[in-house]
Each structure stands twice: as C-alpha cells, then as structure tokens.
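The opening position of the sequence shown corresponds to residue 0 in numbering that gives the first Met the number 0, with each subsequent residue numbered one higher.
Heads up, the thing below is written out as structure tokens.
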Amino acid sequence: MAVLLMSTAMVFSSCKKDDDPAPAPPPVDPCDNYMPTFSPTYLIITGQVELLDFYITCTTDDWEMIKVIVTYPGGLGNETYVGNGTIMTSGAPFTFSNYFPKLGGTWTFAITGNIKSGNCVNKSFTVYVSMQVTGK
C-alpha cells in the first residue's frame, strides 16, 4: 500500500500544470500590408497618328514619386520615368513627358514611391495598375 501511495504521489508530482498563459503575438503594423490606390485613365490625341496621353491619380494618399515604369501591351516595350522626389497630392493626376503610340491591349504601370500623408507616412511601395485601351 505504501508503494502504491508513493507511486501515485510521484506520478502526480511529475505532471506539472502550465499556469503561464501563452505569450501574446507581436503587434501587427497596419502599414505592413497597406498600399495606396491608383486610378489610370487616358486621352486619345488625334493627328496624323493617334497617340495616348495617360493620367494616373492616387486616390488615397499624398505621395513622393520615385519612378514609374510603363509597359506596352504584349510586352512590346517599356519606358521608365524618374520622379526626382516630386510630391503628388491625393486626387491630383500626373502625366508623362511624352505621348505613347495608340496600341490596343493592356497597359501596365509599376509605380514606386513613398507615402506622404495619413497613418503610413514614409512607407515605401510599388503598386501595379493596368488598364485596357481599345481600338487598333
């Protein structure tokens, strides 16, 4: 009986209950996954040849333009524009220093910059937006 009592005491004493709660997860920074929203549009410039004049507007934030890479439909070419630290305000469209040939298809814009307003000031980003151009 003493052996049984001693064995039971040893078994229960070796089963340790963990009274410490699990550590809290680290806080999540809401800026980690935040990306500003851009809206592209275009005008057709008519002449001997039709050309496109693109306008892109950030609808959510003021931002500093680092660079924008414009990719033509079907990968027919691309052009890089450097912003040189230009600050753009939310809702103000920017355009490019030249027109583009009117090519139908999907045009893609890779916009790299830094947020300059709101809760995520100085967060760097690269946003990809695209738009369809109809016609020839």
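Don't be surprised by glycine CBs; every beta carbon is placed ideally from N, CA and C.
Contact belief for Cys170 with Cys119 at Cβ below 8 Å, rounded distance in angstroms: Nothing about residue 170 can be read from this structure; the chain reaches only from 0 to 135.
Is the Cβ-Cβ distance between Val128 and Phe108 less than 8 Å? The sequence position of residue 128 within the sequence shown is 129, counting from 1. The sequence position of residue 108 within the sequence shown is 109, counting from 1. Yes; because the gap between Cβ atoms is below 8 Å, this pair is in contact.
Is it buried or exposed for Pro35, if we count other Cβ within 10 angstroms and need 16 for buried? Start at 1 with the first residue of the sequence shown, and residue 35 comes out as number 36. With 16 or more Cβ atoms within 10 Å of its Cβ, Pro35 is classed as buried.
So, helix, strand or coil for Asn118, using DSSP? As a position in the sequence shown, residue 118 is number 119, starting the count at 1. Helix.
Relative to the alpha-carbon of Glu78, which residue among Phe99, Pro20, Phe37 and Ala21 has its alpha-carbon at the smallest distance? Counted from its first residue, the sequence shown places residue 78 at position 79. When each option's Cα is compared against that of Glu78, the closest is Phe99.
Rounded straight-line distance, which links the Cα of Gly117 to that of Ala172: Nothing about residue 172 can be reported from this structure: the residues present for the chain run from 0 to 135 only.
Among Leu75, Ile43, Thr88 and Val132, which one has its Cα closest to the Cα of Asn97? Position 98 of the sequence shown, counted from the start, is the residue given in the question as residue 97. With distances taken between Cα atoms, Asn97 lies closest to Ile43.
So, are the CB atoms of Gly103 and Gly134 less than 8 Å apart? Within the sequence shown, residue 103 is the residue found at index 104, counting from 1. Within the sequence shown, residue 134 is the residue found at index 135, counting from 1. A contact, by the Cβ cut-off of 8 Å.
Euclidean distance between Cα positions of Met130 and Thr111: Locating residue 130 in the sequence shown gives position 131, where the first residue counts as 1. Locating residue 111 in the sequence shown gives position 112, where the first residue counts as 1. Their Cα atoms are separated by approximately 17 Å.
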